[in-house]
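K.L.:
Chains as they are written, first to last, in the working numbering: chain A, 1027 to 1417; chain B, 3 to 270. Even glycine gets a Cβ: it sits at the ideal position worked out from N, Cα and C. The structure presented is a predicted model; accordingly, all values stated were derived computationally and were not measured. My structure is below; once you've seen it, I'll send some questions.
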Ligand code: SF4
Ligand code: SF4
């Protein structure tokens, strides 16, 4: 039976793990992720969740323990934030390299401070993990459940991050619908490993792993296989998102992106996470004034939905990208991905870059309205001093 | 949508209070958002939290800058923090204060309601944790939430005896809250924010005041060692409190082995 509860984002994350019936949890506490670990420990202590909880001495071990558990055939979960995620970087490659569907919640915290931005996750960009971003606590809970199904799909078999902005979501309480356990069980069957570690299966698993790593074959094969799995993940994410909608009455755009009020838009802005949430109000306000600017919420950062942006790029004359991250020396990472996607179009829209919300700087409705208006101006052919702005 | 800003001090339970109120409003079919602001986690330091109440999902994820209502959990906080900043014209302030709305030190184009939440909390809970008392008054003066939903939310947060005690605080405050009064012709107390983040005058944080009886003091230095604010000095083998730095936590009172420290409520 489903029920509603007023809860903070971190509790929604814990609920996702509980409803997914995770069997193994290893995590090291770090602000603002800490209460996730506390809620889960509490659920285990009360006997509501039958999982092995391993306290570890740091994040490197947390990830290593989770990948080992997943290899042994149980559903494994971990969670971290900011610098903790940086500590995990090394074993994260091992998890994806062994094609183990570990699911991890990332509660964003900047790598240059306590407050949130997406620099922690962006620093893992090339680890072959799927990365799904959420804008509110309901989406955290729902995406957490979907993440297991996507990661464990035989076409994907890659570890998956689902993420939300620290503080803004982790500690804010709002009503969340908690699906019933029976429905979640029906939606998400138990995890079956393709990587058995029982002694009698040792030879089989060795062969499988060697194959993933390309031993005795083309050494590039492991990367090629991960890239193919990422490409395949696009349709899996769409399917799972749709199926989730059928079961629970909620889905998130097409799973990869959500186009909000983009019909007849001359321009769109692109945002991830809570910025996309606030942007809805900004877009509502502008459309009330007859301004034809829409919002594209980027939900799946990895795999990156290039095809979606090509389709959108054909319809609009300008795209303003809001990046809560920066790769100094290049620029916004989402901006770069979007420009990359648009290159082969015959007629390309103008692109604008905005840096906002870095190190937790507040992003107000008015800020987003200004960004959207500037993008609209450029779409209408206006010349502006700079296509790059720090908000 | 209605937006509320809460001002309190670390230890008064502002964050939990906002969450309980959000739950109570949710029971009445509202969509809510309870947003805490975490700063230094230090007992007595000023804290802020926000509440948004709407009929549908709330998408705004920024902070509340122009509240409709301001709730102040501490009578003296207004001297240090500009609690009415950004408050909408004609808006409402609910403040924990023993006197009437016109005597609470706030003036401007808004209304002020009061409730003596400190004493209600002391009488019902035995501690100056003012969050639930202020919520009872909130229900009365705003009419936004029923007493019934509020009590249900309180019991959900603290099942059992603690919850029952807090329900009593809620009810007492509901009865005791004063009507909101116009204060447009009242001269408010001047806000004197700390001159720098290093200034440590915490005298306005005190609800209780420690006092050392020199006759009884045996100079054991325990209070001196345990005072978290380093407010105690030893002079000629007797403990002395520098009240500028004393936040009234009561640790000296708890620690003194000979009962040389008294601890009584500050007069406003
Ligand atoms: S009450 Fe006592 S221990 Fe606490 S700050 Fe004041 S002098 Fe120090
Ligand atoms: S603890 Fe009591 S006896 Fe010891 S120095 Fe302080 S006041 Fe004096």
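Cα separation between residue 78 of chain B and residue 128 of chain B?
P.N.:
Along the second chain, one-based indexing puts residue 78 of chain B at 76. Along the second chain, one-based indexing puts residue 128 of chain B at 126. Looking at the two C-alpha atoms, the distance is approximately 20 Å.
K.L.:
If you count every other CB in all the chains shown that lies within 10 Å of the CB of residue 1155 of chain A, and 16 or more means buried, which is it?
P.N.:
One-based indexing of the first chain puts residue 1155 of chain A at position 129. Buried is the label assigned to residue 1155 of chain A, since at least 16 other Cβ atoms lie within 10 Å of its Cβ.
K.L.:
Return the bridge partner residues of residue 115 of chain B from the DSSP annotation.
P.N.:
Translated into the one-based positions of the second chain, residue 115 of chain B becomes position 113. Note: residue 115 of chain B sits in a beta bridge opposite B/96.
K.L.:
In this structure, does DSSP put residue 1106 of chain A in helix, strand or coil?
P.N.:
As a position in the first chain, residue 1106 of chain A is number 80, starting the count at 1. Residue 1106 of chain A falls in the strand class under three-state DSSP.
K.L.:
Over the uninterrupted alpha helix (DSSP H) stretch that includes residue 1308 of chain A, give me the two end residues.
P.N.:
The residue labelled residue 1308 of chain A in the question sits at position 282 within the first chain. Its alpha helix (DSSP H) spans residues 1300-1314.
K.L.:
Does DSSP put residue 1065 of chain A in a helix, a strand or coil?
P.N.:
The sequence position of residue 1065 of chain A within the first chain is 39, counting from 1. It is helical.
K.L.:
For a quick check, are the C-beta atoms of residue 219 of chain B and residue 253 of chain B less than 9 Å apart?
P.N.:
Mapped onto the second chain, residue 219 of chain B falls at position 217. Mapped onto the second chain, residue 253 of chain B falls at position 251. No, they are not a contact pair.
K.L.:
Check whether the Cβ of residue 67 of chain B lies closer than 9 Å to any Cβ atom in chain A.
P.N.:
Here residue 67 of chain B is taken as the residue at index 65 of the second chain, counted from 1. With 9 Å as the cut-off, residue 67 of chain B counts as an interface residue toward chain A.
K.L.:
May I ask you to report which of helix, strand or coil DSSP gives residue 1369 of chain A?
P.N.:
Residue 1369 of chain A sits at position 343 when you count from the first residue of the first chain. Here residue 1369 of chain A sits in coil by DSSP.
K.L.:
Taking the alpha-carbon positions, what's the residue 1159 of chain A to residue 1051 of chain A distance?
P.N.:
What you label residue 1159 of chain A is simply residue 133 of the first chain in a count that begins at 1. What you label residue 1051 of chain A is simply residue 25 of the first chain in a count that begins at 1. Going from the Cα of residue 1159 of chain A to the Cα of residue 1051 of chain A covers about 21 Å.
K.L.:
Do residue 1167 of chain A and residue 1133 of chain A come within 9 Å of each other at the CB atom, strictly closer than that value?
P.N.:
Along the first chain, one-based indexing puts residue 1133 of chain A at 107. Along the first chain, one-based indexing puts residue 1167 of chain A at 141. Taking 9 Å as the cut-off, the beta carbon of residue 1133 of chain A is found no closer than this to the beta carbon of residue 1167 of chain A.
K.L.:
Can you tell me which of the three DSSP states residue 1150 of chain A falls into?
P.N.:
By 1-based counting over the first chain, the position of residue 1150 of chain A is 124. Looking at residue 1150 of chain A - three-state DSSP - the assignment turns out to be coil, as it is neither helix nor strand.
K.L.:
DSSP state of residue 1234 of chain A, grouped into three classes?
P.N.:
Taking the first residue of the first chain as 1, we reach residue 1234 of chain A at position 208. If DSSP states are grouped into helix, strand and coil, residue 1234 of chain A belongs with the helices.
K.L.:
Helix, strand or coil for residue 159 of chain B, going by three-state DSSP, please let me know.
P.N.:
Taking the first residue of the second chain as 1, we reach residue 159 of chain B at position 157. Reduced to three states, the DSSP call for residue 159 of chain B is helix.
K.L.:
Shorter than 8 Å, the distance from the beta carbon of residue 230 of chain B to the closest heavy atom of ligand 2, or not?
P.N.:
Numbered from its first residue, the second chain carries residue 230 of chain B at position 228. Checking the Cβ of residue 230 of chain B against ligand 2 gives no.
K.L.:
What are the start and end residues of each continuous alpha helix (DSSP H) run of 4 or more residues lying completely inside the segment 1325-1393 of chain A, in chain order?
P.N.:
1332-1341 and 1359-1368
K.L.:
Are the C-beta of residue 1162 of chain A and some C-beta of chain B separated by less than 9 Å?
P.N.:
Residue 1162 of chain A sits at position 136 when you count from the first residue of the first chain. Output row for residue 1162 of chain A: interface = yes.
K.L.:
Count the other CB atoms within 10 Å of the CB of residue 1330 of chain A; is the residue buried (16 or more) or exposed (fewer)?
P.N.:
For this step, residue 1330 of chain A is matched to residue 304 along the first chain. Burial call: buried.
K.L.:
How close, in whole Å, do the beta carbons of residue 1124 of chain A and residue 1097 of chain A come, if the pair is a contact with beta carbons under 8 Å?
P.N.:
Numbered from 1 along the first chain, position 98 holds the residue referred to as residue 1124 of chain A. Numbered from 1 along the first chain, position 71 holds the residue referred to as residue 1097 of chain A. Indeed, because the Cβ distance is near 6 Å, the residues count as touching under 8 Å.
K.L.:
Does any residue of chain A bring its CB to less than 9 Å from the CB of residue 64 of chain B?
P.N.:
As a position in the second chain, residue 64 of chain B is number 62, starting the count at 1. By this cut-off, residue 64 of chain B is an interface position.
K.L.:
Can you grab the Cα-Cα spacing for the pair residue 30 of chain B / residue 113 of chain B, in whole Å?
P.N.:
Counting from 1 along the second chain, the entry for residue 30 of chain B is found at position 28. Counting from 1 along the second chain, the entry for residue 113 of chain B is found at position 111. Cα-Cα distance, rounded: 26 Å.
K.L.:
Inspect the CB distances between the segment 6-22 of chain B and the segment 147-164 of chain B and report whether three or more fall short of 8 Å.
P.N.:
yes
K.L.:
At a Cβ threshold of 9 Å, is residue 34 of chain B touching chain A?
P.N.:
As a working note, residue 34 of chain B is residue 32 in the second chain. With 9 Å as the cut-off, residue 34 of chain B counts as an interface residue toward chain A.
K.L.:
From residue 1357 of chain A to residue 1297 of chain A, what distance separates their C-alpha atoms?
P.N.:
The residue you call residue 1357 of chain A lines up with position 331 of the first chain. The residue you call residue 1297 of chain A lines up with position 271 of the first chain. Roughly 15 Å between the two C-alpha positions.
K.L.:
In chain A, what lies closer than 9 Å to residue 24 of chain B by C-beta?
P.N.:
Translated into the one-based positions of the second chain, residue 24 of chain B becomes position 22. Those within 9 Å of residue 24 of chain B in chain A are 1032, 1199, 1200 and 1201.
K.L.:
Considering only C-alpha positions, which residue in the set A/1213, A/1219, A/1396 and A/1053 is nearest to residue 1270 of chain A?
P.N.:
For the purposes of this step, residue 1270 of chain A is taken as residue 244 along the first chain, with counting starting at 1. For residue 1270 of chain A, the nearest C-alpha among the options comes from A/1213.
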